[in-house]
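A quick write-up on the structure given underneath.
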Amino acid sequence: MKRSLTAIVATAAALAVALTGCSSSGGGAKSADPNAEVSFWSFTGINAKDSVNEYAKKVPGAKVKLTEVGSTTETATALTAALAGGKVPDLVMIQNDDLPKFVENSSNFLDLRTLGGDNIGHDYLGWAAGAATAPDGSVIGIPTDVGGLGFAYRADLFEKAGLPTKPDEVAAMWKDWPSFIAMGRKYTAATGKPFVDNIETSVFFSTVNQVSEKYYSPDGKLVYDTNPQVKDAFDVAVKTHDAGISAGIAAWSSGWGPGRANGAFAVTIAPSWMLKGIKTDAPNTAGKWRIASVPGVGGNWGGSVIAIPARAEHPEAAWNYIKTMMSADGQTDHFTQSGTFPAATSAVASQSVLDYTDPFFGDSKIGKVMATSVQKFPSFYNGPDTTPINGALLNTLVQLEAGGVTSDKAWATALHTAKQAIGG
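Just remember that the working numbering sits 53 ahead of the position in the sequence shown, which is counted from 1.
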């Protein structure tokens with residue numbers, strides 16, 4: 054699951070040292086005790102604490118020491134340092150965009166088939182399980198969740214603007230991205246206020262995560278600079294900016310939470326893992342939000358896997374956590390309690406998930422919207438430089454909204470920045 058687009062900062066290196074530098078390079082003697090205390094590294098925003106608490110209820114006596122390392126990038130940085138010689142955790146969460154570089158070095162992790170059988174990956178969405186499978190067939194991680202796409206919108210503000218308010222009607226009106234922009238123009242003309250929060254996450258990250266080929270070809274060749282699907286997605290974001298319907302409030306910026314609460318915008322991207330944040334930031338808007346499918350085909354933003362490093366001290370206890378909490382039932386329970394959308398195929402198709410609603414979002418059919426999104430998702434191959442390329446394109450769109458680059462120069466600027474980011 055994608056929790057932050059924050060670039061690597063100096064504190065990440067310091068955190069990696071704090072987590073690894075003071076420890077011995079070995080993993081210590083391995084324990085077969087299934088109830089040994091498990092050290093678990095997670096990133097923030099995935100509600101791992103809720104999962105750990107649920108596990109304690111399901112398995113009395115089980116002990117898990119959770120460390121929320123930081124952003125997804127910071128967690129991956131700390132794990133890289135640990136694998137290079139520090140003390141590794143027993144369990145670690147890896148966000149999908151960061152996963153390719155770890156799959157390339159699959160020997161750093163236990164092959165989970167040795168703990169759960171050769172068919173372990175068959176219980177999860179194929180593209181999610183495939184991302185954690187090495188070329189030799191070893192499975193280094195179990196999908197914990199996926200990031201089904203939806204748009205959250207303020208039904209009360211839509212009503213004032215004379216727009217439809219029911220999710221099915223809204224989805225029909227913004228059936229594709231040109232229709233979305235046209236709808237935004239109507240809203241802004243009627244209210245004098247921005248329609249969508251920003252173009253980089255709500256628009257570009259929606260469109261670019263609907264493609265069948267993204268920054269890499271299926272055989273692992275970099276194509277981000279020549280792939281028309283990426284250019285088209287970027288152009289949709291630029292056109293949204295040029296239409297004058299974006300508030301220019303970046304995700305996770307200081308103005309984003311207040312903007313959700315005070316109606317500074319009416320629409321924001323809402324993968325399933327982001328819904329809890331809306332409720333936290335804007336508690337007084339309960340019942341005013343709705344969830345509808347995004348324009349175009351389904352899509353996916355985020356997702357993660359849980360892995361056991363090869364030098365983990367308590368692999369049996371770590372596996373006990375995985376098989377309990379990552380089962381279809383475990384993922385369904387976690388979704389209904391915390392909003393993290395399941396990756397287990399039987400969970401995605403279950404009535405518990407499909408019937409899931411939340412009164413905060415006007416009893417919108419959240420489960421059905423998210424399930425349809427991931428089921429329609431065409432999937433694509435992520436390579437080791439996916440994260441820096443993402444950052445370069447997104448940051449260029451932030452600059453566009455801030456006036457630092459013009460629309461006609463944005464794509465060239467984005468490509469130049471991406472090439473610099475990956476050393477091209």
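C-beta atoms are modelled at their ideal positions from N, C-alpha and C, and glycine is treated no differently. Here the structure is a predicted model, which is why all the values come from computation and not from measurement.
Does the Cβ of residue i have 16 or more other Cβ atoms within 10 Å, making it buried, or fewer, making it exposed?
{"i": "GLY80", "result": "Because GLY80 sits at a pLDDT of 44, beneath the cut-off of 50, its placement in the model cannot be relied upon, and the point is left open."}
{"i": "SER299", "result": "buried"}
{"i": "THR425", "result": "buried"}
{"i": "GLU127", "result": "buried"}
{"i": "ASN100", "result": "buried"}
{"i": "GLY279", "result": "A small correction: the amino acid at residue 279 is Thr; Gly does not occupy that position in the sequence shown. With fewer than 16 other Cβ atoms within 10 Å, it is exposed."}
{"i": "THR167", "result": "exposed"}
{"i": "ALA314", "result": "exposed"}
{"i": "PRO348", "result": "buried"}
{"i": "LYS418", "result": "buried"}
{"i": "ASP250", "result": "buried"}
{"i": "GLN404", "result": "exposed"}
{"i": "ALA131", "result": "buried"}
{"i": "ASP189", "result": "exposed"}
{"i": "PRO113", "result": "exposed"}
{"i": "CYS75", "result": "The predicted position of CYS75 is uncertain, since its pLDDT is 32 and thus under 50; a value taken from the coordinates is nonetheless stated next. Classification of CYS75: exposed, given that the 10 Å Cβ count is below 16."}
{"i": "LYS462", "result": "exposed"}
{"i": "GLN473", "result": "exposed"}
{"i": "HIS515", "result": "Any property of residue 515 remains undetermined from this structure, which presents the chain solely from 54 to 477."}
{"i": "SER78", "result": "The predicted model places SER78 with a pLDDT of 34, which falls under 50 and marks its position as unreliable, so this point remains unresolved."}
{"i": "GLN390", "result": "exposed"}
{"i": "PRO271", "result": "exposed"}
{"i": "PRO336", "result": "exposed"}
{"i": "LYS228", "result": "exposed"}
{"i": "GLY476", "result": "exposed"}
{"i": "ASP221", "result": "exposed"}
Start and end of the beta strand (DSSP E) containing residue i?
{"i": "THR197", "result": "194-201"}
{"i": "GLU121", "result": "117-121"}
{"i": "TRP354", "result": "353-360"}
{"i": "ALA430", "result": "In the sequence on display, residue 430 carries Phe and not Ala. PHE430 -> no beta strand (DSSP E), and no H or E assigned at all."}
{"i": "ARG313", "result": "Unbroken run through ARG313 is the alpha helix (DSSP H), 309-315; no beta strand (DSSP E)."}
{"i": "TRP94", "result": "91-95"}
{"i": "VAL406", "result": "First-last for VAL406: 404-407, but that is the alpha helix (DSSP H), not the beta strand (DSSP E)."}
{"i": "LEU328", "result": "No beta strand (DSSP E) holds LEU328; the alpha helix (DSSP H) holding it covers 328-334."}
{"i": "LEU144", "result": "144-148"}
Can you check whether the CB of residue j is closer than 8 Å to the CB of residue i?
{"i": "GLY273", "j": "GLY436", "result": "yes"}
{"i": "SER325", "j": "MET423", "result": "yes"}
{"i": "ASP551", "j": "PRO395", "result": "Beyond the ends of the chain as shown, which are 54 and 477, falls residue 551; an answer cannot be given."}
{"i": "THR293", "j": "ILE252", "result": "yes"}
{"i": "GLY351", "j": "LYS429", "result": "yes"}
{"i": "ALA177", "j": "PRO196", "result": "The identity of residue 177 in the sequence shown is Tyr, whereas the question assumes Ala. For TYR177 and PRO196, yes; Cβs fall inside 8 Å."}
{"i": "ASN443", "j": "ASP150", "result": "yes"}
{"i": "ILE302", "j": "GLY312", "result": "yes"}
{"i": "ALA185", "j": "VAL358", "result": "yes"}
{"i": "GLY183", "j": "ALA360", "result": "no"}
{"i": "LYS111", "j": "THR377", "result": "yes"}
{"i": "VAL117", "j": "PHE93", "result": "yes"}
{"i": "LEU407", "j": "GLY420", "result": "yes"}
{"i": "SER159", "j": "ALA137", "result": "no"}
{"i": "VAL19", "j": "PHE204", "result": "Outside the displayed span of the chain (54 to 477) sits residue 19, for which this structure offers no information."}
Would you kindly report the start and end of the unbroken alpha helix (DSSP H) that includes residue i?
{"i": "GLY132", "result": "Note that residue 132 is Leu in the sequence shown, not Gly. 125-136 is the extent of the alpha helix (DSSP H) around LEU132."}
{"i": "PHE155", "result": "152-156"}
{"i": "TYR108", "result": "101-111"}
{"i": "PHE233", "result": "230-244"}
{"i": "GLU222", "result": "220-226"}
{"i": "MET378", "result": "368-378"}
{"i": "ARG166", "result": "166-169"}
{"i": "TRP342", "result": "No alpha helix (DSSP H) contains TRP342, which is instead part of the beta strand (DSSP E) from 342-345."}
{"i": "PHE388", "result": "381-391"}
{"i": "ALA205", "result": "Careful: ALA205 lies outside any alpha helix (DSSP H), inside the beta strand (DSSP E) at 204-207."}
{"i": "LEU453", "result": "439-455"}
{"i": "ASP411", "result": "Segment: none, ASP411 is in no alpha helix (DSSP H) and carries neither H nor E."}
* Asked: Below 8 Å, can you find three or more Cβ-Cβ pairs linking the region 274-288 to the region 371-378?
  -> no
* Asked: Three or more C-beta pairs closer than 8 Å, one from the region 233-241 and one from the region 444-461: is that the case here?
  -> no
* Asked: Between the region 338-352 and the region 204-213, do at least 3 Cβ pairs fall closer than 8 Å?
  -> yes
* Stretch pair the region 357-366 + the region 141-152: three plus CB contacts closer than 8 Å -> yes
* Hey, which unbroken runs of the beta strand (DSSP E) at 3 residues or more fall wholly within the region 254-324? -> 320-322
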